[in-house]
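Okay, structure first, notes after.
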Ligand SMILES: [Zn+2]
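Residue numbers (our numbering), protein chains in the order written: chain F, 229 to 313; chain U, 17 to 390.
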């Protein structure tokens with residue numbers, strides 16, 4: 229998902245067409261490996277996520293980009309998620 | 017720039033509309049300033065959720081209608097930092113005006129917890145956070161986990177922060193938790209919401225309003241000087257800040273202390289935005305009250321209690337005073353003014369200077385304000 233500027237190498241997690249600094253077109257990258265940093269159990273329901281419990285994990289890819297990921301099962305901190313599988 | 021008047025409602029589950037709360041705090045601030053609405057040149061309104069919670073936006077025009085005014089009225093939104101950001105914005109207008117009024121208001125209690133949780137969630141990133149089920153309590157739980165991994169267990173100290181703020185709130189008749197006995201056992205045994213985060217580590221759902229009259233010139237000896245008010249912004253998603261420190265807080269604090277030509281050790285009383293107890297703990301470190309990892313020791317020694325070296329959240333903080341989002345940043349200013357004037361009654365500390373730390377998100381916006389008395 230991260231969008232990288234081929235000029236200044238800055239990364240965005242939001243889909244943007246061009247780099248605000250270099251005006252170069254951003255390229256979408258696909259993370260290959262995601263490491264689980266934390267996994268938190270959520271038991272507070274909201275309208276968009278009414279079914280609890282669920283889990284929110286902080287993930288880090290091989291380039292250091294950071295993500296949250298929702299899952300029904302707990303992920304183990306330290307575990308590597310292979311996005312190719 | 018001087019604060020010449022302060023007014024507030026009680027915080028809590030109030031049987032009052034947005035309109036009624038605004039009128040009450042405005043009237044009290046005008047009375048406190050010994051002035052009249054006709055002397056106010058402009059009003060700045062802070063609110064976060066009225067569009068979602070009450071289906072009512074355009075609060076500036078609503079206020080003009082209620083108060084029968086045609087002066088400039090401006091509404092500002094910056095989630096939990098709405099009050100601080102509105103205050104920050106309002107000060108620029110004193111190059112044009114002599115007296116302005118800054119008002120914060122929020123009505124939160126009339127909704128179901130599911131609705132409220134959803135509405136509050138809109139202040140996080142839609143794609144990175146909301147879609148992935150991230151909610152703010154999960155963010156606080158993640159910070160607790162990281163902090164413990166780095167510096168060791170901290171849940172006992174977080175309970176002591178909660179207890180301190182509840183004890184202070186019990187000396188503040190306007191506080192959400194005033195008159196409610198909360199002890200360590202109750203805090204430690206409270207329901208776990210997310211990860212290790214307990215119910216009593218979180219601020220409550222409150223209604224309330226606060227108004228502040230700000231004047232270009234000093235009015236009388238009760239006027240409190242605004243030494244500085246500075247702001248910093250940061251990423252909207254906590255996923256982009258995986259540390260145990262908030263860069264936006266450090267920057268805003270440095271800017272505010274530099275602008276005031278002061279050090280943190282020159283400050284006598286502090287209001288920290290303790291939406292969660294872990295935030296009070298890490299903010300003590302971000303403000304420079306101690307080195308990283310040393311805040312738990314300060315808490316154990318009682319250094320931030322009323323009689324401690326640097327009292328924090330003398331009004332009970334968000335934890336016990338309450339957290340009506342749009343009014344919170346101004347409630348902090350209200351408390352500092354009360355302390356600096358020496359009008360805080362049983363919770364009075366010795367204070368000539370005060371600092372308020374108001375944040376939105378974790379941390380997407382931060383305002384730090386420094387006040388000084390005569
Ligand atoms: Zn670029």
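Positions of the beta carbon are idealized from the N, C-alpha and C atoms, including for glycine.
DSSP beta-bridge partners of residue i
{"i": "residue 286(F)", "result": "266(F), 296(F)"}
{"i": "residue 435(U)", "result": "Nothing can be reported for residue 435(U): it is not among the residues displayed for chain U, which extend from 17 to 390."}
{"i": "residue 325(U)", "result": "Residue 325(U) is not bridged to any residue."}
{"i": "residue 24(U)", "result": "226(U)"}
{"i": "residue 310(F)", "result": "261(F)"}
{"i": "residue 381(U)", "result": "249(U), 376(U)"}
{"i": "residue 232(F)", "result": "239(F), 255(F)"}
{"i": "residue 163(U)", "result": "None; residue 163(U) has no bridge partner."}
Terminal residues of the alpha helix (DSSP H) in which residue i lies
{"i": "residue 42(U)", "result": "34-48"}
{"i": "residue 271(U)", "result": "263-276"}
{"i": "residue 170(U)", "result": "Element bounds for residue 170(U): n/a, residue is neither H nor E."}
{"i": "residue 249(F)", "result": "No alpha helix (DSSP H) holds residue 249(F); DSSP gives it neither H nor E."}
{"i": "residue 354(U)", "result": "341-357"}
{"i": "residue 311(U)", "result": "311-316"}
{"i": "residue 69(U)", "result": "66-69"}
{"i": "residue 296(U)", "result": "293-302"}
{"i": "residue 336(U)", "result": "333-336"}
Contacts that residue i makes with chain F (C-beta to C-beta distance below 8 Å)
{"i": "residue 256(U)", "result": "241, 294"}
{"i": "residue 210(U)", "result": "268, 269, 270, 271, 272"}
{"i": "residue 166(U)", "result": "Within 8 Å Cβ-Cβ: nothing; residue 166(U) doesn't reach chain F, min ~13 Å."}
{"i": "residue 131(U)", "result": "275"}
{"i": "residue 145(U)", "result": "296"}
Contact list for residue i against chain F, beta-carbon separation under 9 Å
{"i": "residue 151(U)", "result": "270, 272, 274, 277, 284"}
Nearest-angstrom Cβ-Cβ length linking residue i and residue j, presumed shorter than 8 Å
{"i": "residue 370(U)", "j": "residue 223(U)", "result": "Not a contact, Cβ separation roughly 25 Å."}
{"i": "residue 96(U)", "j": "residue 289(U)", "result": "7 Å"}
{"i": "residue 218(U)", "j": "residue 163(U)", "result": "So it is not a contact: roughly 16 Å between Cβ atoms."}
{"i": "residue 108(U)", "j": "residue 118(U)", "result": "About 12 Å separates the two Cβ atoms, so there is no contact after all."}
{"i": "residue 121(U)", "j": "residue 32(U)", "result": "Not a contact, Cβ separation roughly 10 Å."}
{"i": "residue 246(U)", "j": "residue 271(U)", "result": "4 Å"}
{"i": "residue 151(U)", "j": "residue 274(F)", "result": "7 Å"}
{"i": "residue 61(U)", "j": "residue 79(U)", "result": "6 Å"}
{"i": "residue 325(U)", "j": "residue 268(F)", "result": "At roughly 34 Å, the Cβ-Cβ gap does not stay under 8 Å, so residue 325(U) and residue 268(F) are not in contact."}
Chain U contact residues for residue i, given Cβ-Cβ distances below 7 Å
{"i": "residue 237(F)", "result": "What residue 237(F) touches in chain U: nothing, since even the nearest Cβ is about 17 Å away."}
Interface partners of residue i on chain U, CB under 8 Å
{"i": "residue 266(F)", "result": "158, 161, 162"}
{"i": "residue 297(F)", "result": "148"}
Enclosing beta strand (DSSP E) for residue i [first to last residue]
{"i": "residue 374(U)", "result": "369-376"}
{"i": "residue 17(U)", "result": "Per DSSP, residue 17(U) belongs to no beta strand (DSSP E) and is neither H nor E."}
{"i": "residue 286(U)", "result": "285-288"}
{"i": "residue 61(U)", "result": "58-62"}
Within chain F, partners of residue i - CB distance below 7 Å
{"i": "residue 137(U)", "result": "274"}
{"i": "residue 311(U)", "result": "Near residue 311(U) there are no residues of chain F at all, since even the closest Cβ is about 21 Å away, more than 7 Å."}
{"i": "residue 134(U)", "result": "274, 275, 276"}
Within-7 Å CB hit, residue i to chain B
{"i": "residue 154(U)", "result": "The structure shown has no chain B; the protein chains it does contain are F and U."}
Could you tell me which uninterrupted beta strand (DSSP E) segments, each at least 3 residues in length, are contained entirely in the segment 197-234 of chain U, listed from first to last along the chain? Unbroken beta strand (DSSP E) stretches of 3 residues or longer found wholly inside the segment 197-234 of chain U: 208-210, 224-231, given in chain order.
Would you list, in sequence order, the uninterrupted beta strand (DSSP E) runs of no fewer than 3 residues that lie entirely inside the segment 80-139 of chain U? 89-92, 115-122, all fully within the segment 80-139 of chain U.
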